[in-house]
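Every number in this note's numbering is 1 more than the matching position in the sequence shown, counting from 1.
Glycine included, C-beta positions come from ideal geometry on N, C-alpha and C.
Notes for the one structure printed next.
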Amino acid sequence: MAQHNHTPARICSHCDGHASVAITLGGRDCTGHLRTVTAHCPACHGTGTRTTPAVLVRAGK
Ligand SMILES: [Zn+2]
């Protein structure tokens, strides 16, 4: 009765679904907001999902 808990194939393997992150630049602007830049995962381009279906990856296409 082993349970197989696989990661869903649609989640990007590079970022594990966390496709966009905000990186602080340090300090705050004149309105008091934290200065940040947004970085997207280079593999899925910020979507968090795999762009190539797993079937095609296994087949080498
Ligand atoms: Zn990704």
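With DSSP as the reference, label residue i as helix, strand or coil.
i     : result
Gly49 : coil
Beta strand (DSSP E) containing residue i: first to last residue?
i     : result
Gly28 : 21 to 29
Based on the DSSP output, what are the partners of residue i in its beta bridges?
i     : result
Pro40 : The question names Pro, but residue 40 is Ala in the sequence shown. Answer by DSSP bridge pairing, in chain order: Val22.
For this session: Collect the residues with a C-beta less than 5 Å away from any heavy atom of ligand 1 and give them in sequence order along the chain.
Result: Applying a distance threshold of 5 Å between residue Cβ atoms and the heavy atoms of ligand 1 selects Cys13, His15, Cys16, Ala20, Cys42, Ala44, Cys45, given in chain order.
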